[in-house]
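Notes follow once the structure below has been shown.
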Amino acid sequence: MREYKIVVLGEMGAGKSTLVQALAQGRAVSTEVRNTDPAADKAFTTVALDYGDIDLPGGDRLRLYGTPGQARFDFLWPILLDGASGAIVLINADAGPPAQQALPYLAAIEGLPTALPVVMGVTRMDAARSAQRAACEQWLACDDGMLPIVIVDPRDPMQVLTVMDVLMSQIECQTLVACDE
Ligand SMILES: Nc1nc2c(ncn2[C@@H]2O[C@H](COP(=O)(O)OP(=O)(O)OP(=O)(O)O)[C@@H](O)[C@H]2O)c(=O)[nH]1
Ligand SMILES: [Mg+2]
């Protein structure tokens, strides 16, 4: 049996906790407190991490770690990324410019000693205001194809599994390349 540590990153409200809960079918451990941060209009926010796991039909296990979105917790990102097999960077389509949202998380991943497979997930497309949604669509249209990007509603477990599928194939690719070297 293989175990994969997957880290979920993204701004406050991007849907990290929701994704971890959806994958763990509601059995995830979360550390939510009432939000006092004016950076996001949301009732609760994660202050330590989310954790959820799922056993795949083939016998492998995915362990998911959701990071807290508040900038003051950015010291936790490298700690959680240590030993990870892959990462999911969530972009909130209803927030600021997507490329800028992704930048700090991709920089943290690039700063790791070994290359880490990454998938970006765009959330809240259904709920985004028209200007934000248009900016996101434009960003998707200009995508250079360097990283896979999937539009995902993290409330829907089937869509979350699709994101995991894409990430797992990235991880497989990296393993094959490493074997070839
Ligand atoms: N309509 C809609 N709501 C979404 C979507 N993704 C997430 N949400 C909702 O957005 C809210 C915030 O999601 P969270 O999972 O708490 O966000 P988070 O990234 O964990 O936020 P922090 O812990 O504060 O960093 C929740 O009420 C979700 O149900 C989406 O694609 N569409
Ligand atoms: Mg959270």
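So the sequence shown is numbered by numbering that gives the first Met the number 0: it starts at 0 and just counts up by one. Positions of the beta carbon are idealized from the N, C-alpha and C atoms, including for glycine.
Range covered by the alpha helix (DSSP H) that runs through D179:
By 1-based counting over the sequence shown, the position of residue 179 is 180. For D179, the enclosing alpha helix (DSSP H) stretches over residues 156 to 179.
Under a three-way DSSP split, which group does V19 fall into?
Start at 1 with the first residue of the sequence shown, and residue 19 comes out as number 20. Three-state DSSP puts V19 in a helix.
Using C-beta distances below 6 angstroms, list every residue in its chain close to Q20, excluding the 5 sequence neighbours before and after it, in chain order.
Within the sequence shown, the letter at position 21 stands for residue 20. Within the same chain, Q20 has close Cβ partners A27.
Within the present structure, is the beta-carbon of S16 separated from the nearest heavy atom of ligand 2 by less than 7 angstroms?
As a working note, residue 16 is residue 17 in the sequence shown. Checking the Cβ of S16 against ligand 2 gives yes.
With DSSP as the reference, label F74 as helix, strand or coil.
Within the sequence shown, numbered from 1, the residue matching residue 74 stands at position 75. Note: F74 maps to coil in three-state DSSP.
Taking the alpha helix (DSSP H) that A101 falls in, what are its first and last residues?
For the purposes of this step, residue 101 is taken as residue 102 along the sequence shown, with counting starting at 1. Counting along the chain, the alpha helix (DSSP H) containing A101 begins and ends at 97 to 109.
For G143, is the beta carbon positioned less than 7 angstroms from some heavy atom of ligand 2?
Within the sequence shown, the letter at position 144 stands for residue 143. One point to set straight first is that residue 143 is Asp, not Gly, in the sequence displayed. No, the Cβ of D143 stays beyond 7 angstroms of every heavy atom of ligand 2.
Does DSSP classify E10 as helix, strand or coil?
Taking the sequence shown and counting its residues from 1, the one referred to as residue 10 is at position 11. Correct three-state label for E10: coil.
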